[in-house]
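Those protein sequence lines, which keep their order, are chains A and B.
In this text, residue positions in the first sequence follow this note's numbering: the first is 1, and each later residue adds one.
In this text, residue positions in the second sequence follow this note's numbering: the first is 114, and each later residue adds one.
Even glycine gets a Cβ: it sits at the ideal position worked out from N, Cα and C.
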Amino acid sequence: MGVGDPYGMHAAHAIVSGMGGIRTAGDLVARLQLNRAMKIDAAKKYVADRLGVSVEDVADPVAMREVREDMDLGTLNECPGVAKGIDAKFRIAKLLDLEINSVNIFKQKISGT
Amino acid sequence: MGKIQTRRGDGIRIEMTAAEVRGDLEKGTSDAADRAKVPALTEDELQYLFEIHERSDRVVGVDNGKEVCLTYDSCTTKIKRAHVSISKIQSLQVFERALGADTLELAHIDYSYKPAKPIVVFEKPIMEQALLITIPPLFYGAMPNLGLYSQPTGPCPNPMDLFPQGKIAEGRASFEEAIEYAVKDMVYVGSEMYETGADGINFDTTGAAGDAEFLAALRAAEILKKKYPAMGIEMGMASEFILGLHGEVEYDGVRLAGLYPHDQVKLAQKAGVTIFGPAINIIPSKSLPFNLARSLTYTKACSEASDIPVHANLGMGVGGVPMVLSPPVDALSRASKAHVEICRLDGL
């Protein structure tokens with residue numbers, strides 16, 4: 001993105017073009033771009049297949065809220081007992097069959113290796 | 114037909130006739146096509162752009178299903194610069210939970226690898242804590258900023274002092290020395306942050322100091338990728354054109370001076386970059402239709418040449434966004450929609 005005030009730059013791009021982050025599955029699609037260099041259509045399809053939803057659903061906040069709650073992947077409005085932060089990422093790594101660096105480091109720490 | 118409301122590249126509101134808008138769209142795409150030797154936008158694309166400008170809607174957006182991922186050149190500094198008195202971790206949470214961010218980026222307020230190096234020991238615990246409580250991919254980012262390695266603030270003789278004296282060889286040697294320092298700093302900070310758990314590293318505003326800086330970032334990316342094959346690496350550029358301040362440096366047998374985005378991305382990909390960000394500068398005195406068509410022409414060619422995701426830079430003064438710190442949403446939304454849809458981008 002780039003320089004600018006958070007309203008005029010970051011909120012505006014998010015509304016105009018963004019996937020929505022953890023409101024939808026934007027964070028999951030971004031992981032495949034970052035770690036596997038997957039283009040947007042392939043990354044969306046991969047995520048949709050893993051979640052068992054349509055490609056259209058992955059950027060829909062209503063559909064994805066339900067999916068994220070059901071699969072316990074972390075949601076925007078956190079409720080007691082649901083996955084948050086690192087525990088959500090443990091579940092995301094497993095779901096996407098993806099190595100997440102912080103998850104691997106956390107595992108090393110708790111295993112004492 | 115009434116006049117069309119638009120802006121100049123410096124953000125000032127202007128009115129143009131339909132013929133003037135069409136004329137500037139054509140001039141903008143021709144300018145980029147001539148310079149980069151890439152295809153101009155098609156008639157259909159120019160008509161689509163005209164219709165975006167013709168609409169009186171304050172905000173426009175991409176069609177449903179065309180949404181893309183967002184990456185940032187720092188999340189934390191944007192909150193600090195707005196003088197919001199919250200911590201870096203809280204800033205990341207604002208982006209995650211209030212601004213719909215698909216990714217996050219932790220950064221030092223002095224956003225370059227050289228100043229980040231001595232404080233990396235203080236950045237690591239912040240990264241560790243942020244990783245525990247946030248969900249999206251978390252980058253650490255900064256600029257290569259080769260200029261910081263020149264005297265009086267850096268260790269190397271300043272090439273911009275040497276060149277006017279006719280000391281061309283000495284100036285080039287100084288750039289080459291600076292490259293070595295910069296690569297070490299980028300690899301050090303990148304390694305420390307990745308071993309702390311960061312999902313990726315961002316080289317932002319790459320090439321601001323020309324071809325030597327681009328080479329330094331490519332070398333750093335290559336070293337980091339060999340060291341950590343799973344590391345995500347984003348490289349965002351400073352300009353559409355690599356300035357030949359050194360003039361002779363090469364990467365993988367390709368001379369870097371004068372490269373446009375569709376060639377820049379190929380080298381970035383070879384070096385191990387996983388997300389590439391072309392940056393097309395605004396000409397402030399020209400209209401937004403001119404600037405937008407110009408930016409789209411370069412960026413579309415880059416996107417078509419790339420096998421890795423392309424996240425175009427659409428910040429202040431780049432990508433058809435006016436050169437103002439508070440971008441007007443009428444202009445920004447048109448630039449955002451047009452780039453995503455015409456260039457088939459993977460992100461911004």
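N-terminal and C-terminal residue of the beta strand (DSSP E) that residue i is part of
| i | result |
| --- | --- |
| residue 118/B | 117-120 |
| residue 390/B | 388-390 |
Span of the alpha helix (DSSP H), counted from its first residue to its last, around residue i
| i | result |
| --- | --- |
| residue 235/B | 233-246 |
| residue 226/B | 226-229 |
| residue 276/B | Counting along the chain, residue 276/B falls outside any alpha helix (DSSP H), and DSSP gives it neither H nor E. |
| residue 513/B | Here chain B comprises residues numbered 114 to 461, so residue 513/B is not present and cannot be evaluated. |
| residue 264/B | No alpha helix (DSSP H) holds residue 264/B; DSSP gives it neither H nor E. |
| residue 138/A | The shown model of chain A, from 1 to 113, leaves out residue 138/A, and the question about it has no answer. |
| residue 62/A | 61-71 |
| residue 87/A | 86-96 |
| residue 446/B | 442-456 |
| residue 408/B | 401-418 |
| residue 156/B | 156-167 |
| residue 115/A | Since the first residue shown for chain A is 1 and the last is 113, residue 115/A is missing from the structure and cannot be characterised. |
Distance between beta carbons of residue j and residue i, contact taken as under 8 Å
| i | j | result |
| --- | --- | --- |
| residue 272/B | residue 284/B | 4 Å |
| residue 302/B | residue 329/B | Contact flag wrong, Cβ pair sits at about 13 Å. |
| residue 433/B | residue 448/B | 4 Å |
| residue 244/B | residue 86/A | 7 Å |
| residue 419/B | residue 8/A | Between residue 8/A and residue 419/B the Cβ distance is about 28 Å, and since that is not below 8 Å, they are no contact. |
| residue 51/A | residue 12/A | With a Cβ gap of about 28 Å, residue 51/A and residue 12/A do not count as contacting. |
| residue 250/B | residue 312/B | 4 Å |
| residue 391/B | residue 412/B | 5 Å |
| residue 84/A | residue 199/B | Between residue 199/B and residue 84/A the Cβ distance is about 19 Å, and since that is not below 8 Å, they are no contact. |
| residue 230/B | residue 298/B | 5 Å |
For residue i: DSSP bridge partner residues
| i | result |
| --- | --- |
| residue 40/A | Answer is none; residue 40/A lacks a bridge partner. |
| residue 350/B | 319/B |
| residue 219/B | 253/B |
| residue 299/B | Bridge partners of residue 299/B: none, in fact. |
| residue 128/B | 118/B |
| residue 363/B | 368/B |
| residue 271/B | Paired residues: none, contrary to the question. |
| residue 394/B | 431/B |
| residue 141/B | Note: residue 141/B sits in no beta bridge, so no partner. |
| residue 345/B | 313/B |
Within-8 Å CB hit, residue i to chain C
| i | result |
| --- | --- |
| residue 247/B | Although the question refers to chain C, the structure presented lacks it and instead comprises the protein chains A and B. |
Assigned secondary structure, residue i (DSSP; H/G/I helix, E/B strand, else coil)
| i | result |
| --- | --- |
| residue 207/B | helix |
| residue 182/B | strand |
| residue 87/B | Limits of chain B in this structure are 114 at one end and 461 at the other, which puts residue 87/B out of reach. |
| residue 375/B | helix |
| residue 431/B | strand |
| residue 196/B | coil |
| residue 21/A | helix |
| residue 314/B | strand |
| residue 187/B | coil |
| residue 29/A | helix |
| residue 423/B | strand |
| residue 460/B | strand |
| residue 78/A | coil |
| residue 54/A | coil |
| residue 134/B | helix |
| residue 35/A | helix |
| residue 171/B | coil |
| residue 47/A | helix |
| residue 281/B | helix |
Given residue i as reference, the closest of the options once Cα atoms are compared
| i | options | result |
| --- | --- | --- |
| residue 17/A | 435/B, 425/B and 416/B | 425/B |
| residue 257/B | 368/B, 375/B, 324/B and 133/B | 324/B |
| residue 363/B | 336/B, 327/B, 347/B and 396/B | 327/B |
| residue 385/B | 321/B, 315/B, 453/B and 358/B | 315/B |
| residue 430/B | 381/B, 352/B and 206/B | 352/B |
| residue 354/B | 179/B, 322/B and 341/B | 322/B |
| residue 139/B | 404/B, 122/B, 205/B and 336/B | 404/B |
| residue 5/A | 437/B, 461/B, 446/B and 458/B | 437/B |
| residue 421/B | 378/B, 394/B, 236/B and 442/B | 378/B |
| residue 306/B | 317/B, 318/B and 344/B | 344/B |
| residue 155/B | 396/B, 410/B and 300/B | 410/B |
| residue 158/B | 135/B, 347/B, 310/B and 368/B | 135/B |
| residue 164/B | 132/B, 190/B and 227/B | 132/B |
| residue 191/B | 211/B, 121/B, 220/B and 179/B | 220/B |
| residue 319/B | 372/B, 198/B, 121/B and 205/B | 372/B |
| residue 387/B | 238/B, 252/B, 122/B and 225/B | 252/B |
| residue 450/B | 130/B, 141/B, 181/B and 148/B | 181/B |
| residue 76/A | 178/B, 194/B, 350/B and 207/B | 207/B |
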